[in-house]
Each structure stands twice: as C-alpha cells, then as structure tokens.
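Novice: Here the protein sequences come in this chain order: A and E. Counting in our numbering, the first sequence runs from 1 upward without gaps. Counting in our numbering, the second sequence runs from 184 upward without gaps.
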Amino acid sequence: MTSGAVDREKEKKVVFVTVGTTCFDALVKSVDSRHVRNELKKRGYTNLLIQMGRGSYIPRKSTMQSCGEDESLVVDYFTFSPSIADYMRSASLIISHAGSGSIFETLRLRKPLIVVVNEDLMDNHQSELAEELAERKHLFCASPQTLGQTIQTMDLDSLLPFQSGDGLPVAKLINKFLGFPAE
Amino acid sequence: MEGFHSQDSVAILIGFLVLIVVIRLAYVLYWSGRPLRTLSQRVSTLIVLGSGGHTAEMLSIVNVLEKDRFVPRFYIAAGTDNMSLQKARVLEESLIQKEEIGNKKDIEKIACFEQIYRSREVGQSYLTSIYTTLVAILHALWLMLKFRPEVIICNGPGTCIPICLVAFIFKVVGIRWSSIFYIESIARVKRLSLSGLLLYKLHLADQFYVQWPQLQRKYQRAHYVGCLM
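(1) Going by DSSP, what residues sit across from Gln280 of chain E in a beta bridge?
(2) Are the beta-carbon atoms of Glu249 of chain E and Ile366 of chain E separated by less than 8 Å?
(3) State the CB to CB distance for the pair Val19 of chain A and Leu27 of chain A, rounded to an integer number of angstroms; the pair is presumed to be in contact (CB under 8 Å).
(4) Locate the beta strand (DSSP E) running through Gln145 of chain A, then write down its first and last residues.
(5) If I measure Cβ to Cβ from Thr21 of chain A and keep anything under 7 Å in the same chain, skipping five residues before and after, which residues do I get?
(6) Quick one: Cα of Lys354 of chain E to Cα of His125 of chain A, how far?
(7) Name the DSSP beta bridge partners of Arg256 of chain E, please?
(8) DSSP puts Asp76 of chain A in a beta bridge; with which residues?
(9) Is it true that the segment 381-389 of chain E meets the segment 204-218 of chain E, where meeting means three or more beta-carbon pairs spaced less than 8 Å apart?
(10) I want to verify the contact list: residues of chain E whose CB lies under 8 Å from the CB of Asp166 of chain A, in sequence order.
(11) Any idea what DSSP makes of Gln390 of chain E, helix, strand or coil?
(12) Assuming Tyr365 of chain E is part of the beta strand (DSSP E), what are its boundary residues?
(13) If we ignore side chains and look at the alpha-carbon of each, how far apart do Cys67 of chain A and Gly235 of chain E end up?
(14) Spell out whether any CB of chain E is found under 8 Å from the CB atom of Glu119 of chain A.
(15) For Cys343 of chain E, which residues of its own chain have a beta-carbon under 6 Å away from its beta-carbon, when the five flanking residues on both sides are left out?
(16) DSSP has Thr18 of chain A in a bridge; who is on the other side?
(17) Indicate the three-state DSSP secondary structure (helix, strand or coil) for His406 of chain E in the structure shown.
(18) What does Thr263 of chain E touch in chain A if you count any residue whose Cβ is under 7 Å from its own?
(19) Is it a yes or a no for the segment 114-121 of chain A touching the segment 140-150 of chain A, going by three-plus beta-carbon pairs under 8 Å?
(20) Between A:Asp76, A:Ile103 and A:Arg34, which lies nearest to Ala85 of chain A when the distance is taken from Cα to Cα?
(21) Apply the 10 Å Cβ neighbour rule to Asp25 of chain A and answer buried if 16 or more other Cβ atoms are within range, or exposed otherwise.
(22) So, are the CB atoms of Ala261 of chain E and Gln298 of chain E less than 8 Å apart?
(23) Between Tyr314 of chain E and Pro345 of chain E, what straight-line distance do the alpha-carbon atoms span, to the nearest angstrom?
(24) Rounded to the nearest angstrom, how far is the Cβ of Val254 of chain E from that of Arg272 of chain E, given a contact under 8 Å?
(25) Among residues of its own chain, excluding the 5 on either side of Gln131 of chain E, which ones have a beta-carbon nearer than 6 Å to its beta-carbon?
(26) Less than 8 Å between CB atoms is the rule here; does Gly101 of chain A satisfy it with respect to chain E?
(27) For Ser62 of chain A, which three-state DSSP category applies?
(28) Return no unless some Cβ of chain E is closer than 8 Å to the Cβ of Gln126 of chain A.
(29) For a cutoff of 8 Å on Cβ pairs, would you count Trp259 of chain E as touching chain A?
(30) Just list the residues that DSSP pairs Ala261 of chain E with in beta bridges.
(31) Under DSSP, the alpha helix (DSSP H) around Ile114 of chain A begins and ends at which residues?
(32) Quick check: what's the CA-CA separation for Ile244 of chain E versus Leu168 of chain A?
(33) Would you mind reading off the limits of the beta strand (DSSP E) that contains Val334 of chain E?
(34) Go to Arg261 of chain A, then tell me how far its alpha helix (DSSP H) extends in each direction, as first and last residue.
(35) Pull up the distance between the alpha-carbon of Arg60 of chain A and that of Val74 of chain A, whole angstroms please.
(36) Between E:Trp360, E:Arg359 and E:Met412, which lies nearest to Ala370 of chain E when the distance is taken from Cα to Cα?
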C-alpha cells in the first residue's frame, strides 16, 4: 500500500487549468465533465488543478481516498494565487484561457498547452492568436465543447518549441528613425 | 458701405487663418513619418503602459532601448491599472543597480511615473463617456505640457489615444515635435485593434509596428518586427 502510494507520487502527472483574472465558467465546467476527466485519465494524468478566477461554478473536488482504486484523478481548485508560475512549472499539461500573458508564459516554460477560446466574449480577437500559434504547431486550440476530443486526439510530439522574441527590432527601427547611429 | 468693408475684411481674415491652418496641417502630415536627424544626444521619452500583456510587451522594448539616449523616461499608465507603474519602477531600479551608480535619488532624475485618467471604462454608457473622454484629454494635455517629450512609445489599448491626439495638436501648433511610435499587440494577427486602426488611418503615428507578417501585408505602411514575447 505504502509502496504503491510512493510509486504514484513518482508518476504524478498534473494538469493545470487556468482562467486568468476573469471568469470562464464554460472552461471549468468542461474540465469538470466526466468526458474530459476520463480522457485525461486515459492519457495518464493523475492530478487536475483548477485556477477558477472569478467564476461561480465550483468543480467537484476529489481525493484519492474518496474514489475507487481505479479512478485516480485527483481534483483540486482555487480562485487566485500569486504563484501561478510555480503551478505551471510543476504541471505536465496546461489548459489555459486565450490571454496572451498565460499563453506566452506557458510557451516559455516549454510545456504542452491547450488554449480554450472563450466564445462568449464580445470582441473575440483573442482566438486569432491561439489559432495562429496552433497553426504554427506551438499549442493546441479548442473550445469548451471540443476540449475532450482535443485531449483524446492530440499528439504531444507534434508540438514545436516557441522561439521567444524581444524588442531589438523595434529599438533598431526607432534609432534609425531618429537618426541615431547604430551601435 | 463701411459695414460692408469690415465684414469683408473679417471674411478675408478668417479665410487667411483657415488657409494657414490647412497649410500647417499639410506640412505636419507631410513630415510625420519621415525620419529625423536628431542633433541632441538625448531624447526625453514618454512610455505609455497599456496594462497586462500590453505592459509586458512595452517593457520588453524598454529593456533593450539605449538607456543613456532615451532619457529622461516618463511612464504613464491608466488610473485603474495598479500593476504597470510598479513593474516599470522595478525595471528602472534594476537598471540603477546594474550600473552601480547608486542611490534612490538618481531614479527621480531619469524616470518619472504618472497615472492618467482613463477615458472609458468597460461597460460605461456613451453619454457619460463623452464627459470622461473630455476629462481624459484635458489630463493628457496637462501631462504633455509638463513632460513635452520628444519621443512617445505606446501600444494599445485606448490609454494612448488622448496622448497621441494632444501630441498631434502640439505638432500643428508648434509647441513640440514628438515622434510617435506605436506597436500593435501580439494578440492582433489578422485585424488591427481600434486604437491601432485610429492611429494608422489618421497618420498620427510616425512609425507603426506589427508583430505578424499577415498584418503587415494588409497595412503596407506598417513595419513587421516579429514577436516581442
């Protein structure tokens, strides 16, 4: 029993879900659904940690004890935390809202990422970025409805690392415009 | 007869003034967007921080600017945004520590941090936003008179619009010629943001940068600079 628990601790694979500073109940509901939980379990994930922000939908918590021996997906949630980065670092898969902040934070950490686009937002330009990065194979893009399907079919090996950029091209152009000599 | 004469001269005067304004506007629009030859070694720089991801992108530019050239630096953020100025301050303090020139006094000479009244909150009614926009423009006018920057670097969302409007009026009136650089957000892949579209279409920005090649193809005057993040 104890050795089994140690083994499980070794093989802990955490899925971290983040909705950022807003509320995105559709995403929390989706990851809380039996379908998505089952797909995550089938892919070998053991823990599901949800940052639910201002949302009002409370996911079902479950610990290993309360479940049967077979059902081993441990679910926990919280609203906000100053150390989101630590949760990201310890996760094996990140499921995020489409905000550019958490997208690039995840890509910099070289973690597999599924971006779920909030279709309820009025000005839905956010999907542009997620779709473009999905086309370039840096992440997977889904909607709350298709999340389970995406988890089932995604091929993590097909993802390409994202090369972070910087402000140098802008600084060069500004210098040139102002007539400063290039260094 | 006399009355006719004075009416006539008033009309001529008004026509003359309009002509001057039109010529000046054409002159300003002609020279906007054309490279300068800055004679001074230093340019006072206004940096508008947009909040959240916009601030992160802006600070990645500030990070690589030559600090002894773009000085002093004035940072502006929306009044509702508590994080951005703090992040800018952390960056400036780390610069001072890097150069090891020492104490907290120096930061006041090279960097200044101010909040600006926000023109419109999310969900605000249009009637009250006319009033608040007016207040925001007056506040921008006050800050611009105070700083009179030679360079303005800004990105979305709307925080920079009153500043850029005032900067353009300053150009026309001849108070100060500020070069305006606008960087469209990385989140904009296919379409410009409302702020970006305004500055692009009205020729308010001297140079306009986009982070995706497909946007540059759509807006030919823009420069493609790759991803800032």
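For glycine and all other residues, C-beta sits at the position ideal for the given N, C-alpha and C.
Specialist: To lay it out plainly:
(1) As a first step, residue 280 of chain E must be located in the second sequence, where it is residue number 97. None, per the DSSP bridge assignment.
(2) For the purposes of this step, residue 249 of chain E is identified with residue 66 of the second sequence, where counting begins at 1. For the purposes of this step, residue 366 of chain E is identified with residue 183 of the second sequence, where counting begins at 1. The answer is no: Cβ separation not under 8 Å.
(3) Walking along the first sequence from the start, residue 19 of chain A turns up at place 19. Walking along the first sequence from the start, residue 27 of chain A turns up at place 27. With a Cβ gap of about 6 Å, Val19 of chain A and Leu27 of chain A count as contacting.
(4) By one-based count along the first sequence, residue 145 of chain A stands at place 145. Gln145 of chain A -> no beta strand (DSSP E), and no H or E assigned at all.
(5) For this step, residue 21 of chain A is matched to residue 21 along the first sequence. The answer, listed in chain order, is Gly53.
(6) As a working note, residue 354 of chain E is residue 171 in the second sequence. As a working note, residue 125 of chain A is residue 125 in the first sequence. For Lys354 of chain E and His125 of chain A, the distance between alpha carbons rounds to 33 Å.
(7) Position 73 of the second sequence, counted from the first residue, corresponds to residue 256 of chain E. Answer is E:Thr228 and E:Ala294, bridged to Arg256 of chain E.
(8) Translated into positions along the first sequence, residue 76 of chain A becomes position 76. Answer is A:Leu49.
(9) yes
(10) Here residue 166 of chain A refers to the residue found at position 166 when the first sequence is read from its first residue. Per Cβ cutoff of 8 Å: Ser243, Asn246, Val247 and Leu411.
(11) By one-based count along the second sequence, residue 390 of chain E stands at place 207. Three-state result, Gln390 of chain E: strand.
(12) Sequence index remark: in the second sequence, residue 365 of chain E carries index 182 (1-based). Segment Ser362 to Ile366, the beta strand (DSSP E) holding Tyr365 of chain E.
(13) Here residue 67 of chain A refers to the residue found at position 67 of the first sequence. Here residue 235 of chain E refers to the residue found at position 52 of the second sequence. For Cys67 of chain A, the predicted structure reports a pLDDT of 49, less than 50, and the residue's modelled location is therefore unreliable. A value from the coordinates is still provided. So the alpha carbons of these two residues sit roughly 40 Å apart.
(14) Translated into positions along the first sequence, residue 119 of chain A becomes position 119. Output row for Glu119 of chain A: interface = no.
(15) For the purposes of this step, residue 343 of chain E is identified with residue 160 of the second sequence, where counting begins at 1. If we look at Cys343 of chain E and ignore the five residues flanking it on each side, its Cβ neighbours are Val231 and Cys337.
(16) Numbered from its first residue, the first sequence carries residue 18 of chain A at position 18. Note: Thr18 of chain A sits in a beta bridge opposite A:Gln51 and A:Ser96.
(17) To locate residue 406 of chain E, count along the second sequence from 1; it is residue 223. His406 of chain E falls in the strand class under three-state DSSP.
(18) What you label residue 263 of chain E is simply residue 80 of the second sequence in a count that begins at 1. Chain A residues near Thr263 of chain E: none, gap ~13 Å exceeds 7 Å.
(19) yes
(20) Counted from its first residue, the first sequence places residue 85 of chain A at position 85. Here the closest residue by C-alpha is A:Ile103.
(21) As a first step, residue 25 of chain A must be located in the first sequence, where it is residue number 25. That one is buried.
(22) Taking the first residue of the second sequence as position 1, residue 261 of chain E is located at position 78. Taking the first residue of the second sequence as position 1, residue 298 of chain E is located at position 115. In this structure, Gln298 of chain E lies closer than 8 Å to Ala261 of chain E by Cβ.
(23) Locating residue 314 of chain E in the second sequence gives position 131, counting from the first residue. Locating residue 345 of chain E in the second sequence gives position 162, counting from the first residue. Those two C-alpha atoms are separated by around 13 Å.
(24) Taking the first residue of the second sequence as 1, we reach residue 254 of chain E at position 71. Taking the first residue of the second sequence as 1, we reach residue 272 of chain E at position 89. Between Arg272 of chain E and Val254 of chain E the Cβ distance is about 16 Å, and since that is not below 8 Å, they are no contact.
(25) What is shown of chain E runs 184 to 412, which leaves residue 131 of chain E out entirely.
(26) Position 101 of the first sequence holds residue 101 of chain A. Judged by the 8 Å Cβ criterion, Gly101 of chain A is in contact with chain E.
(27) Start at 1 with the first residue of the first sequence, and residue 62 of chain A comes out as number 62. Three-state result, Ser62 of chain A: strand.
(28) On the first sequence, residue 126 of chain A is found 126 positions in, with the first residue counted as 1. Closer than 8 Å to some Cβ of chain E, the Cβ of Gln126 of chain A qualifies, so yes.
(29) On the second sequence, position 76 is the one that residue 259 of chain E refers to. The sequence given here has Ile at residue 259 of chain E, not Trp. No - not a single Cβ of chain A is within 8 Å of the one on Ile259 of chain E.
(30) Here the question's residue 261 of chain E lines up with position 78 in the second sequence. Bridge partners of Ala261 of chain E: E:Ile299.
(31) Along the first sequence, read from residue 1 onward, the residue named residue 114 of chain A stands at position 114. Per DSSP, Ile114 of chain A belongs to no alpha helix (DSSP H); it is in the beta strand (DSSP E), Leu113 to Val116.
(32) For this step, residue 244 of chain E is matched to residue 61 along the second sequence. For this step, residue 168 of chain A is matched to residue 168 along the first sequence. Distance between the alpha carbons of Ile244 of chain E and Leu168 of chain A is about 7 Å.
(33) For the purposes of this step, residue 334 of chain E is identified with residue 151 of the second sequence, where counting begins at 1. Segment Val334 to Asn338, the beta strand (DSSP E) holding Val334 of chain E.
(34) The structure shown does not extend to residue 261 of chain A, since chain A is modelled only from 1 to 183, so the question has no answer here.
(35) Numbered from 1 along the first sequence, position 60 holds the residue referred to as residue 60 of chain A. Numbered from 1 along the first sequence, position 74 holds the residue referred to as residue 74 of chain A. Whole-angstrom Cα-Cα distance: 10 Å.
(36) As a working note, residue 370 of chain E is residue 187 in the second sequence. Checking every option, the nearest Cα to that of Ala370 of chain E belongs to E:Met412.
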